[in-house]
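**Q** Here it is, the structure in full.
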Amino acid sequence: MATAPLLDRRRFLKSGAAAGVLLIGFSLDGRAATDPAQAQEKPQVNPFDAWVRITPDDRVTLILGKSEMGQSVMTSLPMILAEELCVDWKQVSVEQAPTNPKIYNHGTGGSHSVFGSWLPLRRAGAAAREMLVTAAAARWNVNRDTCVAKDGGILHGSRNDFLSYGQLVSDAAKLPVPDLNKVPLKNSHDFTIVGHDHARVDAKEKSTGAAKFGIDSRVPGMLYAVIARCPVFGGKVKSFDATKTKKVPGVRDVFAIDAVAKGAFTAGGVAVLAENSWAAMQGRNALEIVWDEGPHANESTETLHKQFLENAAKPGKVVRNEGDFVAALTGAAKKVEATYEFPFAPHATMEPMNCTVHIGPDKAEAWIPTQAPQWAQDVIAGVSGLPHESVSVHTTLMGGGFGRRYQADFVMEAAQVAKASGKPVMVLWTREDDMQHDFYRPASYHKMSGAVGADGSLAGWKHFQTSTAIAAMWNDQGEDNAQETEFGTAVFIPYRNPNYRVEYTLAKSGVPRAWWRSVEHSSSGFVVECFVDEIAAAAGVDPLEYRLRVIGDDRVIPDFTNPKEGRPLKTARLKGVLKVAAEKAAWGSPLPQGVGRGIAGYFSFYSYTACVAEVSVKDRAVKVHRLVYAVDCGRPINPDGVRAQVESAAIYGLSAALHDQITIRGGRVEQANFNDYDLPHIGETPLTEVHVVPSTEEPTGIGEPGLPVVAAAVCNAIYALTRKRIRRLPIRAEDFA
Amino acid sequence: MAVTFTLNGKATTVNVDPQMPLLWVLRDTLNMTGTKFGCGMALCGACTVHIDGEPARSCITAVSSIAGKKITTIEGLSADGSHPVQKAWMEEDVPQCGYCQSGQIMSAVALLAKKAKPTDADIDDAMSGNLCRCGTYQRIRKAIHRAAEMQAGA
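See the structure below:
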């Protein structure tokens, strides 16, 4: 069996090759990119074996070691390689890397791809370029300093000679690889690709239907399977009768698979294998199953809410304590108190989970829309009993990831079914399966208290949270340190505050949860940015002015949770995005009748975002008219790609503000499809402007940081308009009663 | 049961369960995977095709009901992505994950066939049944206006 990755996300993502048991292999904090000791963990690879393929006819293929789920790494990462390699972008095509943890850090998440790949890919591209220069110098028998890489070839100015890379590659690839830590990198002033807008390389195939997602995998002789899972989390099959299923035309096999709690979390159930997806679904409908509903059958949204209130009535575990908050509150000119609550939220990727696996006697092959190809390989190796080298995992395009596809549950199931069947099998999830067996964004409850001084200053800040922590599910010590995954940057807010207290209490739940786009920042960011707005109102100061005032001077605030490795919060950059968003939105200028304006700014994934929202409320329904964003994610690789990611995160965040709610009754999810769980539609799309702040700082994440600010900006705008504070998401009509 | 219909201009016969939705006939029987499965209940639009020129959700369309009809899928719009709507999609860099875009494009083509110069409200109305989890809606609107201009200029 595969060994269990029972780690919290931070450690889980950080574990990398050092973990030994599980080669997830990318570090959330980017040590691999900056720390030479870490960078040397992987042996020096020849870039022509790993990253760059050039054919004699001068076609350049760049290899993508990450997974493309819509975030455009298929464009942005090869742009970094191409820049150092000095090739014409038009020459370039991109190919997905085979799963090989010895060469690649495949894991794709944590808004980490560009951040973690920036230096390694520059070095790989530069090494290839230097090897081509050396090959040309040898060919011409000249000093290599007289040779210059340019437009996909090497130029020798005085000789007026040019050799294309295609003419040089066979020599170059045989040369020693330069020390990657010392290879000369291009001066950023000479960048011609990085920092310029480029269309996505996959736009055409995604506009013609030619793009192949996991669900489009087709293997000769394959069967299609669906699995009946117990609707109650933690439940199991007691008995089943497949007599009627076997009579459904096209059904080929029916068998039970076990639930797995090691290596991946799966529900187990009854698998129905058929000649096509439809027959498999019909066969599943005909199953008669008696379930053992297990220990969580009485859990409901109401029981969880009750638990939250009970937890909040008692002190929590102290996560941070500076000064004397109680004294600050006692001596405060004004006290502000508020509670905030968030439900479970589903990922709802448009492509439901699926995985195609063929396990033969001496090799296995799989086609998987996965953010974690190495984990998938590990799972299939474990189930099949084959060595990793005999398990080929093809990473396909993904119809959305958002963290859901960093799981291996759907891989585990497919491996179990393929192993039992012996045939190539696609395990396909229906929308109902996908919505009811997700790993949800945790539900949480936050009790905030603020002390405001007579001069309006922030005299104290207390943040108590109780939640169904991710760590408690993924880490064997997670129940003791559940808070590790739940606050994010909310434990080192930028607002100066001499009396700072943070407390946490775990809420128990049988509902699976994990990493959802922007993870803990989606809720903690909302809480911090709404609560500071409440304090600003209590102090009687404009929300933007108050933020800038209590952020104060330019400071560098270390990552409280991970001071050594985490990137600090630089207040100058946060103030920078707040000011840009405010200026572009004409903050303070008159608005049309019935429109309110709100602001929020946040630091997450080492990037800074601010958002100004303009909203109206009509018939107890919120309409978001306009969002003005400013983002500082360091040096933007593909500015239009940055804008696209922020536009996307805005809608995902609006989804949480206006719609997202998974409710539990009888230990099961009440929602099943898009009729009872609705996503934002085109008509709800505000006019969204994204202003990318020019920067030469190291590039940081952008897939997620656009999200935490949007719901807060919207709710702060609702307050500005109606004087009603929305403290529970999603926003409901009754909030305006 | 054998069902014959015209698929992207070609006479096609399949021998399947008559109740099988066109979506699965396309995807699993004919291996034409450009049309996507999203919900199975006509709630998300990922499976949108044209039946006799009208947009339809193939996930709830029994194959028996399309006998003798003309079906167009994303693969039938153009062989090379040269349809104005596809070109507009590329020029506005609309797709992100791309999964819903076949359905979005088929709905957009149907809209432009009826309204050569749609307003934002027309677009919001015609496209309201096509969900996109990446939230590419703003670019979809722009691309439809761009395609309308291209078609007007053609």
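Line by line, the protein sequences are chains A and B. Residue 704 in the numbering used here is what sits at position 722 of the first sequence, and the numbering runs on without skipping anything. Start counting at 1 in the second sequence, then tack on 645, and there's your number in the numbering used here. Backbone N, C-alpha and C define an ideal beta-carbon position, used for all residues, glycine too.
Quick one: using the 10 Å Cβ neighbour count with 16 as the cut-off for buried, is Ser170 (chain A) buried or exposed?
**A** Start at 1 with the first residue of the first sequence, and residue 170 (chain A) comes out as number 188. Classification of Ser170 (chain A): exposed, given that the 10 Å Cβ count is below 16.
**Q** Could you name the residues of chain B that Pro343 (chain A) contacts, counting a contact when the two beta carbons are closer than 9 angstroms?
**A** Numbered from its first residue, the first sequence carries residue 343 (chain A) at position 361. Correct list: empty, because the minimum Cβ distance to chain B is about 27 angstroms.
**Q** Does DSSP classify Asn657 (chain A) as helix, strand or coil?
**A** In the first sequence, counting from the first residue as 1, residue 657 (chain A) sits at position 675. Correct three-state label for Asn657 (chain A): coil.
**Q** Buried or exposed: which applies to Gly713 (chain B), given that a residue is buried once 16 or more other Cβ atoms fall within 10 Å of its Cβ?
**A** Residue numbering aside, residue 713 (chain B) sits at position 68 when the second sequence is read from its first letter. So Gly713 (chain B) counts as exposed.
**Q** Taking Cβ to Cβ, would you say Pro494 (chain A) is nearer than 7 angstroms to Asp416 (chain A)?
**A** Position 512 of the first sequence holds residue 494 (chain A). Position 434 of the first sequence holds residue 416 (chain A). No.
**Q** Apply the 10 Å Cβ neighbour rule to Asp738 (chain B) and answer buried if 16 or more other Cβ atoms are within range, or exposed otherwise.
**A** As a first step, residue 738 (chain B) must be located in the second sequence, where it is residue number 93. Counting Cβ neighbours within 10 Å, Asp738 (chain B) comes out buried, since at least 16 surround it.
**Q** Name the chain A residues whose beta carbon is nearer than 7 angstroms to that of Phe650 (chain B)?
**A** Along the second sequence, read from residue 1 onward, the residue named residue 650 (chain B) stands at position 5. None at all; the shortest Cβ gap to chain A is about 17 angstroms.
**Q** In its own chain, which residues sit with a C-beta less than 8 angstroms from the C-beta of Val34 (chain A), not counting the 5 before and 5 after it?
**A** Taking the first sequence and counting its residues from 1, the one referred to as residue 34 (chain A) is at position 52. For Val34 (chain A), where only same-chain residues beyond five positions count, the Cβ hits under 8 angstroms are Val42, Thr43, Leu44, Ile45, Leu63, Leu67, Ala106, Gly107 and Ala110.
**Q** So Pro540 (chain A) contacts chain B; which residues on that side make the cut at Cβ distance below 8 angstroms?
**A** What you label residue 540 (chain A) is simply residue 558 of the first sequence in a count that begins at 1. Simply none; closest approach about 34 angstroms.
**Q** When the cut-off is 7 angstroms and only beta carbons count, does Lys188 (chain A) lie next to chain B?
**A** Here the question's residue 188 (chain A) lines up with position 206 in the first sequence. Yes, Lys188 (chain A) lies at the interface with chain B (some Cβ there is under 7 angstroms from its Cβ).
**Q** Suppose contacts are defined by Cβ-Cβ distances below 7 angstroms. Is Ala402 (chain A) in contact with Phe587 (chain A) by that definition?
**A** For this step, residue 402 (chain A) is matched to residue 420 along the first sequence. For this step, residue 587 (chain A) is matched to residue 605 along the first sequence. No, Cβ-Cβ distance for Ala402 (chain A) and Phe587 (chain A) is not below 7 angstroms.
**Q** Starting from the C-beta of Pro525 (chain A), find all residues in its chain whose C-beta is less than 6 angstroms away, skip the five residues before and the five after it, and write them out in chain order.
**A** On the first sequence, residue 525 (chain A) is found 543 positions in, with the first residue counted as 1. Hits under 6 angstroms: Asp515, Ala518 and Ile581.
**Q** Grouping DSSP H, G and I as helix and E and B as strand, with all else coil, what is Pro18 (chain A)?
**A** Looking up residue 18 (chain A) in the first sequence gives position 36. Since pLDDT at Pro18 (chain A) reaches only 35, below the 50 mark, its modelled position is unreliable, and no value is offered.
**Q** Measure how close the beta-carbons of Ala788 (chain B) and Ala733 (chain B) come, nearest whole angstrom, since I'm counting them as under 8 angstroms.
**A** Here residue 788 (chain B) corresponds to residue number 143 of the second sequence, with the count starting at 1. Here residue 733 (chain B) corresponds to residue number 88 of the second sequence, with the count starting at 1. Right, the Cβ-Cβ distance comes to about 4 angstroms (below 8 angstroms), so this counts as a contact.
**Q** Round the Cβ separation of Thr227 (chain A) and Ala268 (chain A) to the nearest angstrom and send it over; I've been treating them as touching at under 8 angstroms.
**A** As a working mapping, residue 227 (chain A) is identified with position 245 in the first sequence. As a working mapping, residue 268 (chain A) is identified with position 286 in the first sequence. That belief holds up - the Cβ atoms of Thr227 (chain A) and Ala268 (chain A) are roughly 5 angstroms apart, short of 8 angstroms.
**Q** May I ask you to list, following chain order, the residues of the segment 677 to 691 of chain B that have a beta carbon less than 9 angstroms from some beta carbon of chain A?
**A** Met677, Thr678, Gly679, Thr680, Lys681, Phe682, Gly683, Cys684, Gly685, Met686, Leu688, Cys689 and Ala691
**Q** Which stretch, first to last residue, makes up the beta strand (DSSP E) that contains Lys186 (chain A)?
**A** The count along the first sequence starts at 1 and reaches residue 186 (chain A) at position 204. Unbroken run through Lys186 (chain A): none, as it is neither H nor E.
**Q** To the nearest angstrom, report how far apart Gly217 (chain A) and Val242 (chain A) are at their CA atoms.
**A** Here residue 217 (chain A) refers to the residue found at position 235 when the first sequence is read from its first residue. Here residue 242 (chain A) refers to the residue found at position 260 when the first sequence is read from its first residue. So the alpha carbons of these two residues sit roughly 12 angstroms apart.
**Q** Please specify which runs of the alpha helix (DSSP H), each continuous and at least 4 residues long, are wholly inside the segment 216 to 277 of chain A, giving them in chain order.
**A** If we require 4 residues or more, the alpha helix (DSSP H) runs fully inside the segment 216 to 277 of chain A come out as 225 to 229 and 259 to 267.
**Q** On the DSSP letters alone, give me the boundaries of the alpha helix (DSSP H) that Val628 (chain A) sits inside.
**A** Numbered from 1 along the first sequence, position 646 holds the residue referred to as residue 628 (chain A). For Val628 (chain A), the enclosing alpha helix (DSSP H) stretches over residues Pro621 to Leu640.
**Q** Specify the secondary structure class of Phe513 (chain A) as computed by DSSP and reduced to three states.
**A** Numbered from its first residue, the first sequence carries residue 513 (chain A) at position 531. Of the three classes helix, strand and coil, the one that applies to Phe513 (chain A) here is helix, per DSSP.
**Q** Quick one: what's got a C-beta closer than 6 angstroms to Glu275 (chain A)'s C-beta in the same chain, skipping five residues either side?
**A** As a position in the first sequence, residue 275 (chain A) is number 293, starting the count at 1. Closer than 6 angstroms at Cβ, skipping near neighbours: Val214 and Gly217.
**Q** CB-CB under 6 angstroms to Met56 (chain A), same chain, minus the five flanking residues each way: which ones, in chain order?
**A** Numbered from 1 along the first sequence, position 74 holds the residue referred to as residue 56 (chain A). Around Met56 (chain A): Leu46, Glu50, Val76, Val183 and Asp184.
**Q** Quick check: what's the CA-CA separation for Lys706 (chain A) versus Ala631 (chain A)?
**A** The count along the first sequence starts at 1 and reaches residue 706 (chain A) at position 724. The count along the first sequence starts at 1 and reaches residue 631 (chain A) at position 649. For Lys706 (chain A) and Ala631 (chain A), the gap between their C-alpha atoms comes out near 25 angstroms.
**Q** Along the segment 725 to 755 of chain B, where does the CB come closer than 7 angstroms to a CB of chain A? Name the residues.
**A** Gly726, Gln731, Trp734, Met735, Asp738, Pro740, Gln741, Cys742, Gly743, Tyr744, Cys745, Gln746, Ser747 and Ile750
**Q** Is Asp622 (chain A) near Val559 (chain A), with beta carbons less than 7 angstroms apart?
**A** Here the question's residue 622 (chain A) lines up with position 640 in the first sequence. Here the question's residue 559 (chain A) lines up with position 577 in the first sequence. Result no, Cβ atoms of Asp622 (chain A) and Val559 (chain A) do not sit closer than 7 angstroms.
**Q** Going by CA-CA distance only, name the one from A:Pro355, A:Ala694, A:Ser500 and A:Phe144 that's closest to Val509 (chain A).
**A** The residue given as residue 509 (chain A) occupies position 527 in the first sequence. Measuring from the Cα of Val509 (chain A), the nearest candidate turns out to be A:Ala694.
**Q** Closer than 7 angstroms by beta-carbon distance: list the chain D residues that pair up with Ala210 (chain A), in chain order.
**A** In the structure shown, chain D does not exist; the protein chains are A and B.
**Q** Report yes if the CB atom of Ala397 (chain A) is closer than 7 angstroms to the CB atom of Val407 (chain A), and no otherwise.
**A** In the first sequence, counting from the first residue as 1, residue 397 (chain A) sits at position 415. In the first sequence, counting from the first residue as 1, residue 407 (chain A) sits at position 425. In this structure, Val407 (chain A) does not lie closer than 7 angstroms to Ala397 (chain A) by Cβ.
**Q** By Cβ distance below 7 angstroms, which residues in the same chain neighbour Asp39 (chain A) in space, the five residues on each side in sequence not counted?
**A** As a position in the first sequence, residue 39 (chain A) is number 57, starting the count at 1. These residues qualify, in order along the chain: Gly148.
**Q** Taking Thr730 (chain A) as the reference, which of A:Thr352, A:Tyr427 and A:Glu679 has the closest Cα?
**A** There is simply no residue 730 (chain A) to check, as chain A begins at -17 and stops at 719 in what is shown.
**Q** Measuring alpha carbon to alpha carbon, tell me which of A:Leu573, A:Val628, A:Arg617 and A:Lys600 ends up nearest Cys593 (chain A).
**A** Residue numbering aside, residue 593 (chain A) sits at position 611 when the first sequence is read from its first letter. Nearest C-alpha to Cys593 (chain A): A:Val628.
**Q** Would you mind reading off the limits of the beta strand (DSSP E) that contains Gln447 (chain A)?
**A** Counting from 1 along the first sequence, the entry for residue 447 (chain A) is found at position 465. Gln447 (chain A) -> beta strand (DSSP E) spans Leu440 to Ser449.
**Q** When Cβ atoms are compared, which residues of the segment 620 to 635 of chain A fall closer than 7 angstroms to chain B?
**A** Asp622, Ala626, Glu629, Ser630, Ala632, Ile633 and Tyr634
**Q** Looking at chain B, which residues of the segment 657 to 673 of chain A have a Cβ within less than 9 angstroms of any of its Cβ atoms?
**A** Under the 9 angstroms Cβ criterion, the segment 657 to 673 of chain A contributes Asn657, Asp660, Leu661, Pro662, His663, Ile664, Gly665, Glu666, Thr667, Pro668, Leu669 and Thr670.
**Q** Run through chain B and tell me which residues come within less than 9 angstroms of Pro406 (chain A), C-beta to C-beta.
**A** By one-based count along the first sequence, residue 406 (chain A) stands at place 424. None at all; the shortest Cβ gap to chain B is about 14 angstroms.
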